[in-house]
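Inspection log for the structure reproduced underneath, given as C-alpha cells.
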Amino acid sequence: MKKIYIFFIISMSVCFSQWHVLNHDGTIRYYLLSYPDNPTDPCPLIINMHGYTSNGWGQQYYSQMDEFAHPQNIAVVYPQGMDNGQGIPSWNVGTFWDGNSYNDVGFIDVLIDSIAANYNIDLDRIYACGMSNGGYMAYELACELSSKITAFGSVTGNFMLNSNQVCDQDREIPIIHIHGTADDVVNYYPPSFDGSLTVGESIDYWSDYNNLTIETVDSISANVEKYTYANESLTKFVHFKVIGGGHDWFYGTSEGFHSSVELIDFFLEYKLSDFQTVDIVEGQSSDLPTNFILHQNYPNPFNPSTTIRFSLEKQNIISLQVFDLRGRLIKTLLMGESQPGDHEIQWNGYNDLEDAVSNGVYLYSIRTENEIQSRKMILLK
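Heads up: the sequence shown is residues 1487 to 1867, going by my numbering.
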C-alpha cells in the first residue's frame, strides 16, 4: 500500500497536488489536496469523495474538477475512504455499508479544521460532493455536518437515511443530485438494492425538509432534464436527470453539461452565513438599532483573538454574546450596564467553559431591552 501512495505523490506533484496524512481517532487517514497557485483571497473548499473501490487520486482524475475549480480560486480535497474489511476503499454511511465501521463524519470534520489551519480557506464556503458511494457520503454529511459544510452534491449516489437518523440541522440545506436513469449500479428508480432513498424519494424528503414548493423543468439536451425545486428563499434541490445514462460522472457532449461545472456553479450560489438564523436570541426585534452601533470585528478572519467594538448613544444595560450558526450560545463577553461612548472587548476563541472552540463561522450579537444587532466573524486555526 505504501508504494501506491508514493506513486500518487510523485505523479500528482506536477499538478500542484499533494497527499497529506491525518491521524483521526488513532487511525491514519489520507487525503489529496489540490490547491490553486498563489491565491490572493481565502479559497472556497470542495470535498470531493470517491466511489466504492476507487480512491482519492482516481476521483481527481475522473471528475476533472481541478480544471474548473482552480481558475475560480477554489481548492479541492479528495479524501481517501477506508478498507471495508474486504480490501475495498469505501465510506461508512451505515446500514448496508456496515463493513466500514470508521467514523467518516468525524474524519471529514477534522479534515476541514486541518486544511484551514494550514491553508488560506474561506470557512464560509465549504462544500461536499461525491461519486456513487462518495455521493452517499455527501448526503451523510448533509445530515450530520451542515454546521460546517454549506451545500452538498451527489453524482450517482443515493441517500442512505438510516432508521435511527434524523436530519435536523436547524437550517435549510441546498443539494444537487446528478443521476442516470439506466444506472445499473445504484438504482435510479425504486426499489434500491441497499434500502437507500432513490432519486425521487430523496427529492420528496428534501423538498419536505426545506419546504420546497416550486418546481421548474428545463431541457438541457435531448436526453437531459434539469429539475429545480425551490422556495422563496435561496435554497434549492437541483436534479439533473440523464435519460438512459449509466453509472457515470457525466461530461460528454451528448449530455450537454459537465458534472463538475454544475456542482461548482451550484455551490458558489451559497455561503454558510446565508443560513444564519435571524432569531439567534429569543425575542429579538426586527427594527434597526438606533441606540448603538456594532462594528465589524478586527482582524477577521482571526487567530488567536479578535477585537469587537461597539458604540452606545446613551447609558444602557446590554449583553454581548457569541453564538454558532445554529444559534447556540458559545460565550458571554459582557452582561450589564455600559456607559455612553466607544467600547472594545477581546474574544480569544474560548467558550464559557474555557474550552477552545473549533474553526468556523460565528456570530457576535449585542442586545439591549428592545434591540439586537449581529455580525459574522471567522475563526481560523
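C-beta: ideal position from N, C-alpha, C; glycine also.
So residue i and residue j are supposed to be a Cβ contact under 8 angstroms. How far apart are they, rounded?
i	j	result
residue 1624	residue 1640	5 angstroms
residue 1796	residue 1779	6 angstroms
residue 1565	residue 1540	At roughly 12 angstroms, the Cβ-Cβ gap does not stay under 8 angstroms, so residue 1565 and residue 1540 are not in contact.
residue 1577	residue 1535	6 angstroms
residue 1681	residue 1617	Between residue 1617 and residue 1681 the Cβ distance is about 20 angstroms, and since that is not below 8 angstroms, they are no contact.
residue 1645	residue 1698	Wrong, their Cβ atoms sit about 15 angstroms apart, outside the cutoff.
residue 1629	residue 1651	6 angstroms
residue 1793	residue 1825	Wrong, their Cβ atoms sit about 19 angstroms apart, outside the cutoff.
residue 1668	residue 1731	6 angstroms
Is the CB-CB distance between residue i and residue j below 8 angstroms?
i	j	result
residue 1710	residue 1723	no
residue 1754	residue 1777	no
residue 1637	residue 1622	no
residue 1563	residue 1531	yes
residue 1877	residue 1602	There is no way to answer for residue 1877, as the model of the chain reaches only from 1487 to 1867.
residue 1865	residue 1789	yes
residue 1591	residue 1631	yes
residue 1744	residue 1666	no
residue 1862	residue 1847	yes
residue 1818	residue 1838	yes
residue 1659	residue 1696	yes
residue 1542	residue 1518	yes
residue 1809	residue 1849	yes
residue 1596	residue 1642	no
residue 1676	residue 1606	no
residue 1720	residue 1756	yes
residue 1791	residue 1738	no
residue 1520	residue 1552	yes
residue 1657	residue 1752	no
DSSP puts residue i in a beta bridge; with which residues?
i	result
residue 1701	1715
residue 1741	Paired residues: none, contrary to the question.
residue 1793	1784 and 1832
residue 1806	1820 and 1852
residue 1569	1575
residue 1513	1510
residue 1616	1535 and 1640
residue 1561	1531
residue 1728	1666 and 1710
residue 1858	1853
residue 1505	1518
residue 1551	According to DSSP, residue 1551 bridges with nothing at all.
residue 1778	1798
For residue i, which option in the options has the closest C-alpha, if you only look at C-alpha atoms?
i	options	result
residue 1853	1806, 1732 and 1616	1806
residue 1604	1561, 1784 and 1733	1561
residue 1688	1856, 1842 and 1661	1661
residue 1588	1511, 1606, 1705 and 1791	1511
residue 1802	1703, 1856, 1606 and 1571	1856
residue 1529	1556, 1675, 1673 and 1649	1556
residue 1431	1593, 1781 and 1675	Because the chain spans 1487 through 1867 in this model, residue 1431 falls outside it and cannot be assessed.
residue 1746	1508, 1550, 1533 and 1524	1550
residue 1655	1813, 1714, 1820 and 1858	1813
residue 1598	1714, 1627 and 1572	1627
When you measure from the CB of residue i to every non-hydrogen atom of the ligand PLP, does any distance come out below 7 angstroms?
i	result
residue 1851	Although the ligand PLP was asked about, the structure shown includes no ligands whatsoever.
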